[in-house]
Structure formats: C-alpha cells, structure tokens
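Residue numbers (my numbering), protein chains in the order written: chain X, 1 to 361; chain A, 362 to 632. By construction, the Cβ of each residue, glycine as well, lies at the ideal position given by its N, Cα and C atoms. Everything below concerns the one structure shown next.
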C-alpha cells in the first residue's frame with residue numbers, strides 16, 4: 001500500500017519534490033503558494049536527502065539560482081504565483097535558450113499587476129506562449145487535483161530532462177490551497193555524481209577535463225546563421241513534444257454534442273456541469289488538456305467532426321479558447337465562458353453558458 | 362599536474378614565463394589597452410597553479426566579458442545581466458566542492474545586479490566575485506555607469522556626470538565590505554607589473570578562501586576602458602591613476618572571514 005494522506009496542494013508539491021529526488025528548491029514567498037517553501041523548510045530535507053532549500057532575495061534571484069543549479073545537471077525547482085512568475089520570465093527565457101532543465105510551479109492568482117490573491121487562470125498565455133522574450137516554449141502541465149500536484153513534480157522533471165527545457169506546473173490558488181486525499185510515491189534517492197555524469201555529462205558544467213571540450217551554459221550566439229540553427233533545434237524539440245507527450249482526459253466525449261474544454265480547477269467545476277447537463281438530457285462532455293503545451297490540437301480537431309460546439313471554460317477573459325479555435329479550425333462553433341477577479345464559476349453558470357452560447361446561440 | 366604552492370612560485374622551475382595552459386588560443390576580442398585580458402590571464406594562471414581546472418566553474422556576465430568563456434578553458438555559465446551572483450549561488454549550493462567564480466563589470470554588478478551582489482555576499486556564499494570597475498558601460502558604447510565619476514563625460518552624460526541628475530558614483534566595494542558574509546574584500550589594479558602581481562596574489566587568496574568556507578571573497582579591479590573613455594591606452598592608465606584612484610583607493614578593505622554568528626544572536630532567541 002502506498003502512503004495515503006490528506007494534504008494541501010501546495011504542501012504536496014514540497015513533499016513530492018523531496019520524494020522524487022529533487023536536488024534544490026530556490027524560492028521567494030508569495031500568496032497563494034507560500035506553503036511550498038514553508039513545508040520544505042519545516043521538513044528540512046537537507047538532513048534527509050541532502051536536498052538544498054534556499055529562500056532567495058527575489059524571484060529574479062530564485063530563477064537565476066535555478067539556472068546555476070541546472071547547469072550542474074541537477075534537478076532544481078522553484079515555485080511562485082503570477083507576479084513572481086513575471087519577474088522570473090527573463091531567467092526562464094535564458095534557461096530555454098541555454099537548454100537547461102528545471103521545474104517552475106505557478107500557483108496562479110488574478111491580475112494584471114498585483115491583482116488579487118484569489119485564484120485565477122489568467123497566465124495561460126504567459127505559460128504556453130513563452131512568457132519571456134524570444135521564441136521558446138515550456139512543457140506545461142496542468143494538474144486538477146492534489147494527487148496530480150504530487151505526480152506532476154516527478155513527471156515535470158522527467159520531461160524537462162528529456163527535452164533539456166524548463167517545465168512548468170501551471171496550477172491555481174484553488175488546487176494549491178485545497179486539501180484532498182493523496183497517495184504519495186516511495187522515496188527516490190537523489191542522483192549520485194555518477195548518475196549526473198551518465199544523464200547530463202554530455203552537456204552539463206560538471207568541470208572541464210582533458211577528455212572533453214568545455215561545456216558552456218549560454219543563450220548567446222553572435223553569428224546569425226548559428227543562432228538560426230539553435231532556434232531550429234529548439235523548434236524541433238517543441239514539435240517532438242507535440243508528437244510524443246500530449247496528455248489529456250476525456251469524460252463522456254464519445255457521444256457528446258457539446259464539449260467543454262477546461263483545465264485545472266475549471267475542469268473540476270465543468271465535470272459537475274456535464275453531469276447537470278446530462279440530467280437535463282443534453283449530451284455534454286468534458287475534454288481536459290493535461291498538457292497545455294503541447295496542446296492536444298489533434299484530438300480536439302477529431303472531436304470537432306461530431307460535436308456541435310465547444311465551450312472553453314477558464315478563469316480569465318478567454319485565452320485557451322484561442323488554442324481550441326486553432327484546433328477546431330472552423331469545423332464548428334467555439335465559445336468562451338469565464339469569470340475573472342478571482343471568482344470561481346459555479347457548475348450552474350457553466351450550464352447556462354452552454355445553453356445560451358452554444359445551444360440557444 | 363600538481364598544484365604549485367604560493368611560496369614555490371619563485372623557484373627557478375616555475376619562473377619561466379609561458380602562456381597559461383588554462384588560456385585557450387582564441388584571440389581576445391578586447392580592445393588594445395583594456396584591462397580584461399590581463400585579469401583573464403591572472404585567473405587562468407591561478408587556476409593552473411592551483412591545479413583546479415576540472416573543479417572550477419566560471420560565471421560570465423553581460424557586458425564586454427560576456428564571451429569570457431572563449432578564453433578560459435574551463436566550464437562556464439553565462440548569466441543574465443546582473444544575475445551572476447545568483448547563478449553562482451545556485452551552482453555552488455548544489456555542488457559545494459567546486460570552485461565557483463563570477464566575473465562582472467560595473468553596470469552588471471553595481472547597477473542592474475545590485476540586489477544579487479549584496480545578498481550573495483550577505484549570505485556569505487563561498488565563492489569568488491571578480492568586479493571590473495572601469496566607470497563606464499564598454500559593451501554598449503560608453504554610457505554612464507554607476508561608478509562613473511562626478512563630471513565624467515560619457516555617451517549618456519555628455520555634459521559630465523551631474524550629481525543632481527544622476528546621483529553619486531557608487532562605492533559598492535566599500536558597501537560589500539560592510540556585509541557580515543564577506544571574508545575578503547580588496548581593490549586592485551593591473552596597470553603596472555607590480556599591481557598585476559598584487560592582483561594575482563589577491564585572486565589566488567580568494568580562490569583558496571573557497572575551500573575554507575569563510576565567506577565571500579570580492580576583488581574589485583579598477584580598470585581602464587580607453588575605447589569608452591575615448592583616449593589612448595597610455596593616457597587611460599594616467600587618467601585612471603589621476604582620477605579614479607583618489608576616489609577608488611587601492612588596497613584591502615576587509616581581510617579575514619565572515620562575521621561570527623554569535624555577534625548576531627539576540628539573547629532571547631538563543632537556543
């Protein structure tokens with residue numbers, strides 16, 4: 001039997017980090033995710049696994065500490081919430097440019113600016129379209145339960161090392177703050193120096209020796225032709241993500257005429273809305289992208305052959321809806337429903353939106 | 362190769378001048394008369410003499426030294442502008458056995474990266490921080506730096522640095538020396554053979570401090586930028602001696618180790 005507990009989403013991020021053999025966490029307090037670092041500090045994993053936990057002077061410093069730790073071929077992570085992620089955008093771009101792995105958790109709150117400490121999904125564009133400057137993407141996972149918060153830490157690291165690209169867990173204040181039952185995985189030991197050498201020895205800055213050339217962790221390339229080659233290599237990775245690592249969940253989509261597309265907490269609410277719609281005799285289904293990048297374009301396009309309409313339910317003014325439209329490619333109607341300002345939509349509001357925007361509209 | 366002890370450097374065997382094996386054959390892009398090349402060479406020599414090439418990682422800045430990794434044959438990280446101390450911290454914390462040094466200019470270390478500089482030293486990170494202060498932004502074409510002197514003419518202070526408009530030149534090294542995490546803080550230059558030797562000695566001491574875990578070692582090298590200053594290399598050295606040294610005096614500011622923790626313990630919070 002696994003280790004089953006009742007835990008908060010944010011706390012489980014910390015626990016999962018320790019259990020998956022994470023080497024270091026660097027962070028800065030911000031609501032609604034401060035429990036991640038608080039839990040780590042209380043657990044003192046440096047005594048248990050040797051994992052480093054360091055409170056940095058800013059999110060800017062945190063992400064650059066990630067850059068340093070990742071350069072050593074280590075499993076390093078940070079967490080923050082929306083305004084903090086904006087501050088990290090520069091460093092994330094540098095990591096993508098230098099092809100460094102690392103895990104960033106964004107427990108989203110409402111914006112713009114300081115916005116609100118209440119939950120939101122307003123950072124979809126920032127997470128999936130790059131976020132910082134330059135043509136790069138992150139591998140973006142969107143958990144909708146405390147269990148997935150736990151599971152996606154290890155998964156995020158796995159993908160970020162597979163692609164040598166930063167990965168992000170894009171979650172929200174609800175999933176971060178709510179408590180649920182979670183089954184924790186067994187402890188995995190941190191990589192030994194030998195394992196780091198095996199896994200990342202071909203590129204990491206582990207110390208230059210006579211048998212190899214220098215390893216330089218840089219995003220700079222002054223020769224345009226070479227930089228274009230770099231860009232092409234990055235784009236090939238994003239394409240490979242699209243081919244190999246798309247994740248999604250379908251609930252009652254097989255015979256669905258109206259499909260709700262939602263991720264994170266919105267998918268939990270929408271699942272209830274689907275039940276309510278079915279009770280009314282409306283054939284509704286839920287399509288939940290689990291990876292927001294790579295986005296499940298192909299499957300949504302297939303579903304669009306039979307569906308009469310899609311409703312993208314998000315806690316924002318309409319962001320993922322653009323990707324849904326690009327997936328559906330005009331085959332059928334695509335609408336958006338969302339609440340903003342930190343307000344969580346109710347299942348009955350989603351039902352009304354389906355009725356007014358798709359069925360009646 | 363074995364490490365050479367400081368006292369053995371003077372032995373005849375070690376006195377033959379040669380290019381350090383840690384320097385690559387890539388021609389440096391630095392302007393004639395620039396101090397960067399000399400400081401690079403000194404770091405390379407120290408790495409070779411300490412025999413730590415396999416155990417050292419450098420952090421390059423944004424600025425003229427952004428491509429320092431072309432010249433020193435070691436592993437490198439190239440940090441975002443001003444963030445080298447944070448990058449060095451991240452690396453050192455997960456790989457405490459390595460020697461880690463950051464190499465930054467005045468704009469990088471004392472303007473955009475002030476927070477990272479102060480906090481890395483305040484934490485007493487066991488790293489070496491090398492600070493090239495030439496009182497100007499060289500890479501971008503000679504704009505005013507945080508360390509530009511009052512009255513100094515630059516591309517963005519064409520009428521001379523005006524305190525009312527731009528504030529005062531920042532003596533960040535003196536600030537750094539105030540921080541309890543600092544072990545060794547010194548200001549050197551490389552404009553004469555004697556000064557070159559002193560700077561090398563300082564660099565060696567700083568790298569040796571990493572092993573002792575006594576806090577951060579910080580070396581400012583007051584440097585020339587004849588391109589930015591728009592005078593020739595010889596005049597640059599003279600200008601530096603005449604104008605910079607009075608404001609940025611050479612010598613050790615702190616030489617010891619990070620402050621004793623007991624000094625900072627509040628009585629009622631003591632365990």
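Got a sec: is the Cβ-Cβ distance from residue i to anything in chain X below 8 Å?
| i | result |
| --- | --- |
| residue 489 (chain A) | no |
| residue 438 (chain A) | yes |
| residue 563 (chain A) | no |
| residue 401 (chain A) | no |
| residue 386 (chain A) | no |
| residue 449 (chain A) | yes |
| residue 434 (chain A) | yes |
| residue 482 (chain A) | no |
| residue 410 (chain A) | no |
Using a C-beta cutoff of 8 Å, does residue i count as contacting chain A?
| i | result |
| --- | --- |
| residue 27 (chain X) | no |
| residue 67 (chain X) | yes |
| residue 215 (chain X) | yes |
| residue 208 (chain X) | yes |
| residue 23 (chain X) | yes |
| residue 146 (chain X) | no |
| residue 110 (chain X) | no |
| residue 57 (chain X) | yes |
| residue 91 (chain X) | yes |
| residue 188 (chain X) | no |
| residue 246 (chain X) | no |
| residue 71 (chain X) | yes |
| residue 192 (chain X) | no |
| residue 205 (chain X) | yes |
| residue 223 (chain X) | no |
| residue 36 (chain X) | no |
| residue 54 (chain X) | yes |
Can you tell me which of the options puts its alpha carbon nearest to the alpha carbon of residue i?
| i | options | result |
| --- | --- | --- |
| residue 333 (chain X) | X:38, X:288, X:309 and X:203 | X:309 |
| residue 407 (chain A) | A:599, A:375 and A:471 | A:375 |
| residue 601 (chain A) | A:496, A:617, A:431 and A:520 | A:496 |
| residue 133 (chain X) | X:11, X:210, X:236 and X:95 | X:95 |
| residue 113 (chain X) | X:140, X:130, X:83 and X:105 | X:83 |
| residue 490 (chain A) | A:603, A:534 and A:623 | A:534 |
| residue 213 (chain X) | A:626, A:573, A:472 and A:436 | A:436 |
| residue 199 (chain X) | X:73, X:148, X:224 and X:330 | X:73 |
| residue 315 (chain X) | X:285, X:355, X:235 and X:265 | X:265 |
| residue 15 (chain X) | X:150, X:169 and X:201 | X:150 |
| residue 355 (chain X) | X:138, X:236 and X:336 | X:336 |
| residue 66 (chain X) | X:165, X:4 and X:34 | X:165 |
| residue 111 (chain X) | X:350, X:342 and X:357 | X:342 |
| residue 564 (chain A) | A:429, A:393, A:463 and A:391 | A:463 |
| residue 193 (chain X) | A:623, A:499 and A:456 | A:456 |
Is the beta carbon of residue i less than 8 Å from the beta carbon of residue j?
| i | j | result |
| --- | --- | --- |
| residue 85 (chain X) | residue 135 (chain X) | no |
| residue 161 (chain X) | residue 101 (chain X) | yes |
| residue 501 (chain A) | residue 434 (chain A) | no |
| residue 142 (chain X) | residue 171 (chain X) | yes |
| residue 272 (chain X) | residue 347 (chain X) | yes |
| residue 71 (chain X) | residue 105 (chain X) | no |
| residue 581 (chain A) | residue 492 (chain A) | yes |
| residue 182 (chain X) | residue 320 (chain X) | no |
| residue 18 (chain X) | residue 48 (chain X) | yes |
| residue 60 (chain X) | residue 91 (chain X) | yes |
| residue 452 (chain A) | residue 438 (chain A) | yes |
| residue 466 (chain A) | residue 585 (chain A) | no |
| residue 258 (chain X) | residue 288 (chain X) | no |
| residue 163 (chain X) | residue 77 (chain X) | no |
| residue 423 (chain A) | residue 469 (chain A) | yes |
Query raised in the report: What are the start and end residues of each continuous beta strand (DSSP E) run of 3 or more residues lying completely inside the segment 449-485 of chain A, in chain order?
Result: 460-466
Query raised in the report: Can you list the alpha helix (DSSP H) stretches of 4 or more residues lying completely in the segment 146-234 of chain X, in chain order?
Result: 146-163, 173-177 and 193-200
Query raised in the report: Do three or more CB pairs link the segment 34-52 of chain X to the segment 213-226 of chain X at distances below 8 Å?
Result: no
Query - 4-residue-minimum alpha helix (DSSP H) runs that sit fully inside the segment 543-586 of chain A, ordered along the chain - result: 554-573
Requested in this report: Pick out the complete beta strand (DSSP E) segments inside the segment 294-350 of chain X, 3 residues or longer, and give them in chain order.
Outcome: 309-313 and 333-337
Query - Cβ contact check for the segment 265-281 of chain X and the segment 296-305 of chain X: 3 or more pairs under 8 Å - result: no
Report task. Would you mind listing the beta strand (DSSP E) stretches within the segment 49-121 of chain X that are 3+ residues and don't spill past its ends, in chain order? Result -> 52-55, 76-80 and 102-108
Query - Length-filtered (4 minimum) alpha helix (DSSP H) runs lying within the segment 386-461 of chain A - result: 397-411 and 445-455
**Report entry** Cβ pair count under 8 Å reaching 3, the segment 11-29 of chain X against the segment 49-62 of chain X
**Finding:** yes
Report task. For the segment 603-611 of chain A and the segment 414-427 of chain A, state whether three or more C-beta atom pairs, one from each stretch, are separated by less than 8 Å. Result -> no
**Report entry** At least 3 beta-carbon pairs within less than 8 Å: the segment 555-569 of chain A vs the segment 472-485 of chain A
**Finding:** no
Query raised in the report: Where are the beta strand (DSSP E) runs, 3 residues long or more, that stay fully inside the segment 20-47 of chain X, in chain order?
Result: 24-27
Query raised in the report: Are the segment 468-475 of chain A and the segment 499-519 of chain A touching, with three or more C-beta to C-beta distances below 8 Å?
Result: yes
Query raised in the report: For the segment 242-280 of chain X, which segments carrying the alpha helix (DSSP H) assignment without a break, of at least 4 residues, lie completely within its bounds, in sequence order?
Result: 264-279
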